[in-house]
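Below is one structure; the comments refer to it alone.
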Amino acid sequence: MKTVMTVVSGAALLAGSYFPLAALAKQQQVDERIEVPSSVTVNVNNMRGEVTLIGGEGNYAEVKGKLDEYATGFTFELNGNTLNIVVEMPERGNFRGDEATDLTVRLPASAQLDINGVSSDFEVKGFERSVRVNTVSGDIEAENLAGTAQLTTVSGDIEAEGLSGEVTMKTVSGDIEDVDNSAERVHYTSTSGDIEVASSARDVRLETVSGDVEARLQQLDRLQMKAVSGDLIARLALAKDGKIEANSVSGGVLLHFADAVHAKLNAEVSGGGSIINNLSDVKAEEPRWGAGARLQTSFGDGSGRIDVSTMSGDIQLDKK
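Numbering (mature numbering (1 follows the signal peptide of the UniProt record, and there is no 0)), first residue to last: -25 to -1, 1 to 295.
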């Protein structure tokens, strides 16, 4: 089944008839609904504006809202098991008008999503299978996603809540906030933004260049944290045989442990900074001349491993 709206040379082609655009609203209205397979794969492409996608009951796809004022067409087409939703725009143009796309799409919760945009914000919630969102200068909001989630934006923020599948989030100049996460494995990357996470994942990776990282975690097997000019803060419990790697160049590292720690520790500050060990009475070694500090010790049965380093920041190990 196929629904297509096309705007050509100042006229809107609707139901096989032409209407002067001056006689219509500046933005074209969309209100379409079709039956789709429960396992439908959905491809969404939108250049500007906002698109909200909601998963729910029923084997149908519904789209309502307004198209971009510069839109040349709209495709809402089912080919076999694939549904294409495309707001078609001119290949070239100065799209400075304020009236951008604003659509709400309702789909089966079991749909699989592949979403792409340029200056487009996306909100996605209530899906059970994999979701991939990629936008350039837009924000991404995600809620209650049970499948694999890959969320990427260049100059936007990412906010998420209630994700339980494997999670990957990446932004260049935006912040990442992910709360109530129950995934097994998560990976967050930001270049010049902050990362704030609350997760029960057992495998966690957080990376930023000039932002800070704050993670509220539960018992985990592996934690990797990296920053260049940001601070790294994690509250966690380390499983036996678990491993932590935390590295910052000009920022500090704070690890706050909720339970007893069983691990070998290797902590090093190579420049101006100190090591504060509140897990035991063992003190860091400091050179008689010059800066820096080093601490090598073992906690509990030493089954796990903790490697922490910074150049000009402090390292602090705390316990509950």
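Where a beta carbon is used, it is the ideal one built from N, C-alpha and C, also for glycine. All values reported here derive from a predicted model rather than from experimental measurement.
Pairing Gly168 with Ser148 gives a Cβ-Cβ distance under 8 Å. Each of Ser245, Gly48 and Asn54 was checked against the Cα of Val61, and the nearest Cα belongs to Gly48. Collapsing the DSSP output to three states places Ala176 in coil.
Counting every other CB atom within 10 Å of its CB across the protein chains shown gives Gly55 a total below 16, marking it as exposed. A straight line joining the alpha-carbon of Glu136 with that of Ile29 spans about 14 Å. DSSP links Thr16 through a beta bridge to Thr57 and Gln87.
In terms of CA proximity to Val142, His162 leads the group Asp89, Thr50, Leu229 and His162. Just so you know, the alpha carbons of Ala190 and Val172 end up roughly 5 Å apart. When only Cα atoms are considered, Met144 and Arg107 end up about 10 Å apart. Between the C-alpha atoms of Gly24 and Val257 there is a straight-line separation of about 57 Å.
Spatial neighbours of Ser157 in its own chain (CB-CB distance under 7 Å, excluding positions within 5 residues in sequence) are listed in chain order as Ser139 and Ser175. Note that the C-beta distance between Leu58 and Val26 is not below 8 Å. Boundaries of the beta strand (DSSP E) harbouring Gly40: Tyr35 to Lys41, taken from the DSSP string. Beta-bridge pairing by DSSP links Lys294 to Phe232. A straight line joining the alpha-carbon of Glu134 with that of Glu116 spans about 5 Å. Judged by beta-carbon spacing, Arg210 lies within the 8 Å limit of Ala233, meaning their Cβ atoms are closer than that value. In the DSSP assignment, Ser223 falls within the unbroken beta strand (DSSP E) covering Leu207 to Ser223.
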